[in-house]
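Colleague:
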Amino acid sequence: MTKIFIIGATGHIGGAVLDLVYPKYPDVHIKALVRDEEKGKILVGKYPQVTFVVGDLTSLDLLTREAKEADVVINTGPDVKQDVAISAILEGSANHSPKAYYIHTAGASVIWDSPGSSQTEPKIFDDVLDIQALKSFPPTALHATSNAVCSLPSPPSHTILTPPSSYSPHLPLQT
1 MTKIFIIGAT GHIGGAVLDL VYPKYPDVHI KALVRDEEKG KILVGKYPQV
51 TFVVGDLTSL DLLTREAKEA DVVINTGPDV KQDVAISAIL EGSANHSPKA
101 YYIHTAGASV IWDSPGSSQT EPKIFDDVLD IQALKSFPPT ALHATSNAVC
151 SLPSPPSHTI LTPPSSYSPH LPLQT
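Read in order, the letters of the sequence shown are residues 1 to 175 in the UniProt record's numbering.
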């Protein structure tokens, strides 16, 4: 049975992912990271076959352990610097056999520059033609470190999804 570990399941993007995956793949075991027991109970109330663990992005041992057990890790967590958490997830995924998959969502903030930077001209990025520019933001860029961590050569296959904005007719679970 395929095992998915999802971070951010009670949010907009994570909730939309669950709404798509849960009914379409009933034989997949889905485990969600939630911040407290009450959020987990609400999640299971909507998705009865989903299990949960309580923790957050600072629960590094938990992230490593759950990533090691999962075939797929989907990180739709909050738009905050997640470098240490991502490293813990990739460490766990690297020890999974067969090869694991890591899907990381990032927002438009991946192209924000830092206040006072020298970038003054607007730029429209093409995700194919400008891939090298997108992968080579300076270390001062808001999420440059997280993206660099995700782009390190590592055993798990990984993808960074960067929607410039997200919309879902489904509100986050009221927790």
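Glycine included, each C-beta is placed from N, C-alpha and C at the ideal position.
None of these values were measured; they are calculated from a predicted model.
With a CB to CB cut of under 6 Å and the five nearest residues on each side skipped, what residues in its chain are close to residue 30?
Modeller: Locating residue 30 in the sequence shown gives position 30, counting from the first residue. Answer for residue 30: 4, 50, listed in chain order.
Colleague: Could you tell me whether the Cβ atoms of residue 100 and residue 73 are closer together than 8 Å?
Modeller: In the sequence shown, residue 100 corresponds to position 100, counting from 1. In the sequence shown, residue 73 corresponds to position 73, counting from 1. Their beta carbons are under 8 Å apart, which means residue 100 touches residue 73 by this criterion.
Colleague: Pull up the CB-CB distance for residue 6 and residue 76, whole angstroms please, since I reckon it's below 8 Å.
Modeller: In the sequence shown, counting from the first residue as 1, residue 6 sits at position 6. In the sequence shown, counting from the first residue as 1, residue 76 sits at position 76. Rounded, the Cβ-Cβ distance is 7 Å, consistent with contact.
Colleague: Would you mind working out which of 78, 37, 124, 96 sits nearest residue 12, comparing C-alpha positions?
Modeller: The sequence position of residue 12 within the sequence shown is 12, counting from 1. Here the closest residue by C-alpha is 78.
Colleague: Looking at the strands, I want to know which residues DSSP matches up with residue 198.
Modeller: Not covered by the structure: residue 198. The range shown for the chain is 1 to 175.
Colleague: I need the DSSP call for residue 31, collapsed to helix, strand or coil.
Modeller: To locate residue 31, count along the sequence shown from 1; it is residue 31. Under the three-state reduction of DSSP output, residue 31 falls in the strand class.
Colleague: According to DSSP, is residue 104 helix, strand or coil?
Modeller: Position 104 of the sequence shown, counted from the start, is the residue given in the question as residue 104. Three-state DSSP puts residue 104 in a strand.
Colleague: Can you tell me whether DSSP reads residue 17 as helix, strand or coil?
Modeller: Indexing the sequence shown from 1 puts residue 17 at position 17. Here DSSP, grouped into helix, strand and coil, assigns residue 17 to helix.
Colleague: Output the boundary residues of the alpha helix (DSSP H) element that contains residue 44.
Modeller: Position 44 of the sequence shown, counting from 1, holds the residue named residue 44. Residues 37 to 46.
Colleague: Nearest by alpha-carbon distance to residue 89: which of 53, 34, 70, 98 is it?
Modeller: Taking the first residue of the sequence shown as position 1, residue 89 is located at position 89. Of the listed residues, the one whose Cα sits closest to residue 89 is 70.
Colleague: Near residue 175, which residues of its chain fall below 7 Å by C-beta distance, leaving aside the five closest residues on each side in sequence?
Modeller: To locate residue 175, count along the sequence shown from 1; it is residue 175. The pLDDT assigned to residue 175 is 47, lower than 50, so where the model puts this residue is not dependable, and the model offers no usable value.
Colleague: Would you tell me roughly how many angstroms separate the C-alpha atoms of residue 16 and residue 34, rounded to the nearest one?
Modeller: Walking along the sequence shown from the start, residue 16 turns up at place 16. Walking along the sequence shown from the start, residue 34 turns up at place 34. Approximately 16 Å between the Cα atoms of the pair.
Colleague: Using the Cα positions of residue 102 and residue 91, report the straight-line distance between them to the nearest angstrom.
Modeller: To locate residue 102, count along the sequence shown from 1; it is residue 102. To locate residue 91, count along the sequence shown from 1; it is residue 91. The alpha-carbon atoms of residue 102 and residue 91 are separated by roughly 11 Å.
Colleague: Between 1, 26, 21, 66, which lies nearest to residue 54 when the distance is taken from Cα to Cα?
Modeller: Within the sequence shown, the letter at position 54 stands for residue 54. Residue 66 is the option with its Cα nearest to residue 54.
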